[in-house]
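Below is one structure; the comments refer to it alone.
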Amino acid sequence: MDMRILSCTLNGKPVQVGYDPRESLLDTLRDRLHMTSVKRGCEVGECGACTVLIDGVATDSCLYLTDWAQGKEILTVEGLQAADGTLDPMQQAFVDEFAVQCGFCIPGIIMSAVEMERSGKTYTRDEIRKQLSGHLCRCTGYQNIVDAVEKAVNVLDGKVGQGVEEK
Amino acid sequence: MESYKEVGRSVKRVDAYDKVTGRAMFTDDLCPKPCLVAKILHSTIGNGRVVSIDTDEAKKVPGVVGVFTCFDVPDFAYPVAGHPWYADSAAAKRDIADRRLLDDRVRIYGDNIAAVVAEDNVAAERALRLIHVEYEEYPVVYDARESMKGTEVPVQEGKPDNVVAHTLAVTPKEKLGEMGYESVEDALLDPKYHHFAIKTFTGEQSQAHIEVCVSYCYEEGGKIVCVSSTQIPHICRRIIGQALGIPWGSVRVIKPYIGGGFGTKQDIHFEPLNAWLCHQVGGRCVKLELSREECFWDTSGRQPKNFEVEASVGDDMRLHARSIKGWSNTGGYIHHGHALVLNSVNSFRWLYHTCEDAVRCEAWTIHTNGPHTGAMRAYGVPEGVWTAECLMGDIAHDMGWDGVEFRLKNAIAPGYVDEFSPSNTISYRTDGLRACVERGKEIIDWDNKRREYANQAGPIRHGVGVAFMVYKTAVAPFALETSNAQITLNQDGTFQLQMGATEIGQGADTVFCQMAAEAIGVDTEDIHIVSFQDTDVAPYDPGAYASRQTFVSGTACKDAGTKMRKRILELAERLYPDAQGELDLRNHAIYDGGDNRLCGLADLALEAYYNIHKTDQLSTRGQATVHQNAIATGCTFCDLTVDIPLGQVTIDKIVSIQDDGRLINPKLVEQQIHGGMAQGIGFGLSEELLVDPKSGRVRNATLLDYKIPTMMDVPDLIAENVETQDPMGPYGNKAVGETPIISPAPAIRDAILNATGVKFYEMPMTPQRLFEGFKREGLI
Amino acid sequence: MYDIESLYEATSVEDACRALAEDPQSMVIAGGTDVLVKCREGKFAGAHLVSIHGLNDELDGVSLAADGTVEIGPITWFNHVTTSPVAQSTVQTLCDACDTPGGPQLRVSGTVGGNICNAATSADTASTLYAYGALLDVRSVRGMRTIPIEEWYTGPGRSVRERDEVLVKIRIPRDHYEGWTGHYFKYGKRRALEIATMGCCCLVKLSDDKKCIDDIRLAFGVAAPTPIRARNAEDAVRGLAVEEAVEKIGKLAQQDTNPRDSWRASKEFRLQLIKEMSKRSLTYAARKGGADI
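So the protein sequences, as listed, match chains A, B and C. The numbering of the first sequence is this note's numbering, which starts it at 16 and goes up by one. The numbering of the second sequence is this note's numbering, which starts it at 20 and goes up by one. The numbering of the third sequence is this note's numbering, which starts it at 195 and goes up by one.
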């Protein structure tokens, strides 16, 4: 098939890039746009390592054809830091709460967590677990990840409310 | 306990920032794109021989660069296990060389028989579908004990009865004679004691790291460069050399960040083939990335094992005698061989030996046409401890004893030295286990819960359970334990630390920085670690396995740091010949004996680099050859709910408490325990690679069908340590990484027994197995 | 990269129908979570794809027709069914069922129409749409036709939909949901990222005093090669007191179903699940309807 041109917004900036229509968004982001935080773990939507936000929605980029990304706004972990380098509160919470081990699943999980962070809602620990249940992590047992997300979503945003359980 | 400044701090991980920003580079992130890709053709039979391969059509697919078959590869056999090599070829310690790059002898379903190199994965996959193979087929055997009876064509030449190894450790005749016994059997069947006998099974667990196995190779400067997601870069270099029949120095292996290994990446699965294919296409960059499915069946999981165990126990709760027989199914290839089931039967013996008068441990490792097996976290120990704990749980249950009291009466005690270990080098020298158990009891509210859960009826029941664990640290005395570390003083008074040991997610880089800082006398933040290992640059260390790195590599790291401190003070003495008293390095400065500050460390560093008369860039090499071993211990307590009609278990509370010696970084130890607990929960309840016994094919090679726990399956995890100081470790530390996977599954089993009275012996206790057990016992 | 021979982004349903008619090898792709997986595993390698992914104007969303029929666009994400106020106030049990496939990311790629069109017996929405008696409108260049879901499935992974037909609407008439309460019970071996070992949907209509089962619909996925209704069981408990119905429904449902023996679960275990899940689904459905049980 002939190459096509993708025009979309990547991490806040308009981009244009040629792509093979057989590519998944995962392929294009990694191999053509160098967004290597987007990880390939299973290619069939079972691990969540390739999760990015497409128009604000956390999506497995492995099962999303690049062809469908025309005109979309795509956000990856590379686009989370503030202009002065400050980490997004979610990234900082992952550092502070020791939520990172091998780190391979982490960018994807952070993107789903950022979707929650930006939703303006509060979440119980059970809700956090459900909302992130599309991600497999083999290192952490999830404990510190849930702690980090709870902290970032509910505490850093000043939204401590009914969602926070006694610890 | 000794007091430390940097050791014992919960320093934030040195790699966390790069990992949350996406800057941490893993193998495929570094691979130049576009590159050539290699894909492997796998056999569609489980046992036999390739008679012919027709690649004509495959070669015509547009984009295909080359098609190579088992008839094209060099005939060098090589071993794949991540074990140290041995200088003495006569010592019979070297791993068995039973692999070829591609092999016409098909021993397992999906064996590697041809490979395609193409411009993209679609072209490669299309070509694979067009390769026509003619086989001569042999019957498949998957059951290990069936295989021991012999097969018409042995799985591996040189093992006519398919038995890789058979070992026996038994209480000496003289000692038995003193008790009036002829054999351990006599002690087991002595009518003065209660006799118990059970059979257990542990399934094949898969490591299921989220980054698949991936490498890429290219040629540069006349050498083959292999960038690989491996736990063992230096061993990888050696094995590529062996497999290609080229000098080891002409291979350069680079190990970037890796997305989990847990033992898979302690084998060298595909790097040699990748290197060879790269050479066949003129040294162009070729990537070989396994699919998720291939990761499940074309790399090595935990060996499935069967055990038969017996015990005799007195009315005083003392175990009088025990015996264990273990059969391990290593599949078509040897990989880590007999070491795994030896660890099973040894750990069975270590854990509850204290009162024992007689013991017998027998083990077989057997070839079948089952899939690859090898190292997985805790290397055989979870299977042995599962078996030990099934037995202890049953005895306590049937005798009406408190499970904790019974276990404590027999559990490993400080001062234990394994009488069967070479030179008595395996020992338990701390006293943390009892305190771990007390703390665990308190958190789980053991006594009250046992009372509360007595005499339940109905479909939904609760139970509380316990399991202890032991784990030995590193591979001595069975194998070589060696490590090297290098520290260089930078111009600004900070340090560069280069380890041969590898960061695989466990936090090694962070604790190495802490240990180096402690030894030098500076802050952890003053140490810059080079995370990647490049075998052309990094000092030799075999790599990440056996929970060895903080113990063995830590010793080398401490040695390098201690030497660096000495070199700094020697330089200071040269620069300040008139200084009074013994010089000291603290607060980033050099002080004399009178507490006068002579110069800052950064000033001294500038002198080292740029002194007009004499320069001396300070660099030290730490080295360790370790011969001793240290046993770590701990326990898990679990409170759970069983939904009998649905065969479902919900863990309500689970706590693991461990004696891992001194903690270099408490939060990182906690991380390890969390992760191990989740993998232990998975092993106990849901994770098993299922093999069709007729074909040898793995049935559930996807992350959908292989059930690793999701965030909704793992409850909040409670992880604690009882800190002790082990005299064997560089800073009183010992094994952490693998230990926490051991005790959760048997603790869950014990809690299910408490809840329902039903004894399960097969792990994992899947809904199907729970249903069958409850049905058998009339609860359904 | 997927082994796809051609990819055409349709501009309208009409355009999609035309494209499907023109290329006899072509097939529809919507969310991609099923078709792309099959392309990757080789089953659909070299596929000619007609994508309706972008036809949101025509095929996305849940709405209420003037006559009270709930109309669901086939490319509506699972998650958008779950969170749709219209669906929540009418077909709540379908909202619950749509909250169970895979994980959250899958539920914003996978579509309810795709779940029906791949015709898997394990599809999480299948048993629920079966219980609701959904009507499926399909369109091709030959015109439009409506297929009641009971007539949709012809075997594992097979349906009466022709290759060139596009599912354009899923309809649930008012009397199929009004006055009914229900429960979808998915049994998996873990709590997320799971394919159903057994799926059971029970809808009930209680008597005015909330003590009796006036009407019941009990449907299963994975209990047979296709989703099925347990009609004999339904007939046998219709009119019974709720407690009695709960007591009897499990064994009755077993007699109506024919689960297979596979490495995923034995037939015997699946039959046990059918028994227990029927009982619990009926209990929860009746409880939602106001029964004191």
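Even glycine gets a Cβ: it sits at the ideal position worked out from N, Cα and C.
Open item on the list: For the stretch 120-146 of chain B, list every residue whose C-beta sits within 9 Å of some C-beta in chain C, in sequence order.
Closed with: Asp139, Asn140, Val141, Glu144, Arg145
- Task: Flag C/Leu387 as yes if its beta-carbon sits less than 8 Å from any beta-carbon of chain B, otherwise no.
- Result: Translated into positions along the third sequence, residue 387 of chain C becomes position 193. Judged by the 8 Å Cβ criterion, C/Leu387 is in contact with chain B.
Residue range of the unbroken beta strand (DSSP E) whose run includes C/Asp408: By 1-based counting over the third sequence, the position of residue 408 of chain C is 214. 407-415 is the extent of the beta strand (DSSP E) around C/Asp408.
Practice item. Compare the C-beta of C/Tyr381 with all C-beta atoms of chain A and state if any pair is closer than 8 Å. Key: As a working note, residue 381 of chain C is residue 187 in the third sequence. Taking Cβ atoms only, chain A never reaches closer than 8 Å to C/Tyr381, which makes this a no.
Next on the checklist: Taking the beta carbon of C/Met338 as the centre, do at least 16 other beta carbons fall within 10 Å, making it buried, or is it exposed?
Outcome noted: In the third sequence, counting from the first residue as 1, residue 338 of chain C sits at position 144. The residue is exposed, with fewer than 16 neighbouring Cβ atoms inside 10 Å.
- [ ] Classify B/Ala262 as helix, strand or coil using the three-state DSSP reduction.
- [x] The residue given as residue 262 of chain B occupies position 243 in the second sequence. Helix.
| request: Would you list, in chain order, the members of the stretch 717-742 of chain B that have their beta-carbon closer than 9 Å to a beta-carbon of chain C? | output: Arg718, Asn719, Leu722, Leu723, Asp724, Lys726, Ile727, Pro728, Thr729, Met730, Met731, Asp732
Output, in chain order, the set of chain C residues within a Cβ distance shorter than 7 Å of B/Ser714. Position 695 of the second sequence, counted from the first residue, corresponds to residue 714 of chain B. In chain order: nothing, as chain C lies at least about 12 Å away.
**For B/Gly562 and B/Gln510, the rounded distance between their alpha carbons** = By 1-based counting over the second sequence, the position of residue 510 of chain B is 491. By 1-based counting over the second sequence, the position of residue 562 of chain B is 543. One C-alpha to the other measures close to 30 Å.
- Inter-stretch contact (C-beta, 8 Å, three-pair minimum) for the stretch 118-126 of chain A and the stretch 39-58 of chain B: yes
Hey, how far is the Cα of B/Asp205 from the Cα of B/Arg453?
Here residue 205 of chain B refers to the residue found at position 186 when the second sequence is read from its first residue. Here residue 453 of chain B refers to the residue found at position 434 when the second sequence is read from its first residue. For B/Asp205 and B/Arg453, the distance between alpha carbons rounds to 32 Å.
Whose CA, out of B/Gln744, B/Asn773, B/Gly282, B/Leu723, lies closest to the CA of C/Lys383? Taking the third sequence and counting its residues from 1, the one referred to as residue 383 of chain C is at position 189. With distances taken between Cα atoms, C/Lys383 lies closest to B/Leu723.
Practice item. Could you pull the start and end residues of the alpha helix (DSSP H) that C/His377 belongs to? Key: Mapped onto the third sequence, residue 377 of chain C falls at position 183. Here C/His377 belongs to no alpha helix (DSSP H); instead the beta strand (DSSP E) covers 375-381.
Please go through the stretch 485-570 of chain B and give each complete beta strand (DSSP E) segment of 3 or more residues, from N-terminal end onward. 501-508, 514-518, 546-549
Sufficient close CB pairs (3 or more, under 8 Å) joining the stretch 297-311 of chain B to the stretch 588-596 of chain B: no
Output the residue ranges of the alpha helix (DSSP H) runs that lie fully inside the stretch 139-220 of chain B and measure 4 residues or longer, sorted by chain position.
140-148, 163-166, 192-197, 203-208
* To do: Select from the stretch 51-63 of chain A all residues with a C-beta closer than 7 Å to any C-beta belonging to chain C, and list them in chain order.
  => Glu58, Val59, Gly60, Glu61, Gly63
Worksheet item: Taking only beta-carbon atoms, is B/Arg311 less than 8 Å away from chain A?
Response: Within the second sequence, residue 311 of chain B is the residue found at index 292, counting from 1. So, interface residue.
Check: Which residue or residues does DSSP assign as beta-bridge partners of C/Lys399?
Finding: Sequence index remark: in the third sequence, residue 399 of chain C carries index 205 (1-based). Paired residue(s): C/Asp409.
For A/Glu180, which of helix, strand or coil comes out of DSSP?
-> Here residue 180 of chain A refers to the residue found at position 165 of the first sequence. Since pLDDT at A/Glu180 reaches only 42, below the 50 mark, its modelled position is unreliable, and no value is offered.
- [ ] List the residues of chain B that C/Phe463 touches, going by C-beta distances under 9 Å, in chain order.
- [x] One-based indexing of the third sequence puts residue 463 of chain C at position 269. Within 9 Å Cβ-Cβ: Gly666, Pro786, Gln787, Phe790, Glu791, Lys794.
Check your understanding: Thinking just about the alpha-carbon of each residue, which of C/Asp429, C/Ala413, C/Ala281 is nearest to the one in C/Ile422?
Key -> If you number the third sequence from 1, residue 422 of chain C lands on position 228. When only C-alpha atoms are compared, the closest one is C/Ala413.
_B/Leu55 in three-state terms, based on DSSP_ = For this step, residue 55 of chain B is matched to residue 36 along the second sequence. B/Leu55: strand per DSSP, three-state reduction.
Specify, as a first and last residue, the run of the beta strand (DSSP E) that B/Val233 falls within.
By 1-based counting over the second sequence, the position of residue 233 of chain B is 214. B/Val233 -> beta strand (DSSP E) spans 233-239.
*Of the listed residues B/Cys255, B/Gly240, B/Gln224, nearest to B/Ser234 (C-alpha basis)*: Numbered from 1 along the second sequence, position 215 holds the residue referred to as residue 234 of chain B. Taking only the C-alpha atoms, the option nearest B/Ser234 is B/Cys255.
Which same chain residues end up closer than 6 Å to B/Gln425 when comparing Cβ atoms and leaving out the 5 residues on each side of it in sequence?
Locating residue 425 of chain B in the second sequence gives position 406, where the first residue counts as 1. A small correction: the amino acid at residue 425 of chain B is Phe; Gln does not occupy that position in the sequence shown. Met336, Ala415.
Q) Is B/Pro496 closer than 8 Å to B/Ile663 when the C-beta atoms are compared? A) The residue labelled residue 663 of chain B in the question sits at position 644 within the second sequence. The residue labelled residue 496 of chain B in the question sits at position 477 within the second sequence. No, these two residues do not count as a Cβ contact at 8 Å.
Practice problem: With a 10 Å radius around its C-beta and 16 neighbouring C-beta atoms as the bar for buried, classify B/Gly695 as buried or exposed. | Solution: Taking the second sequence and counting its residues from 1, one reaches residue 695 of chain B at position 676. Answer is buried; the Cβ neighbour count reaches 16.
**Study point:** Reduced DSSP category for B/Pro405 - H, G, I as helix; E, B as strand; rest coil
**Key:** One-based indexing of the second sequence puts residue 405 of chain B at position 386. Contrary to the premise, residue 405 of chain B reads as Trp rather than Pro in this sequence. Correct three-state label for B/Trp405: helix.
*asked:* I'd like to know if the stretch 395-405 of chain C and the stretch 731-743 of chain B are in contact, where contact means that at least 3 CB-CB pairs between them fall below 8 Å.
replied: no
**Asked** So is C/Arg352 buried or exposed if we call it buried at 16+ other beta carbons inside 10 Å?
**Response** Residue numbering aside, residue 352 of chain C sits at position 158 when the third sequence is read from its first letter. When all chains shown are included, C/Arg352 counts as exposed.
**OP:** Report buried or exposed for A/Lys28, applying the criterion of at least 16 other Cβ atoms within 10 angstroms of its Cβ.
**Re:** Walking along the first sequence from the start, residue 28 of chain A turns up at place 13. It is exposed - the Cβ of A/Lys28 has fewer than 16 other Cβ atoms within 10 Å.
Legend entry - Nonlocal neighbours in the same chain, by C-beta distance under 6 Å from A/Val179, ignoring five residues either side: For the purposes of this step, residue 179 of chain A is identified with residue 164 of the first sequence, where counting begins at 1. Residue placement at A/Val179 cannot be trusted, given a pLDDT of 40 that sits under 50; what the coordinates show is reported in the next sentence. Closer than 6 Å at the Cβ level, and outside the excluded window around A/Val179, lie Asn169.
Determine whether the beta carbon atoms of A/Ala73 and A/Thr81 lie at a separation below 8 Å. Locating residue 73 of chain A in the first sequence gives position 58, where the first residue counts as 1. Locating residue 81 of chain A in the first sequence gives position 66, where the first residue counts as 1. Not closer than 8 Å, so no.
Using the three-state DSSP reduction, which class does B/Glu689 fall into: helix, strand or coil? Residue 689 of chain B sits at position 670 when you count from the first residue of the second sequence. Three-state DSSP puts B/Glu689 in a helix.
Item to complete: At 9 Å on the CB atoms, spell out the chain B contacts of C/Asp197, in chain order.
Response: In the third sequence, residue 197 of chain C corresponds to position 3, counting from 1. Residues of chain B passing the Cβ test: Asn140, Val141, Glu144, Arg145.
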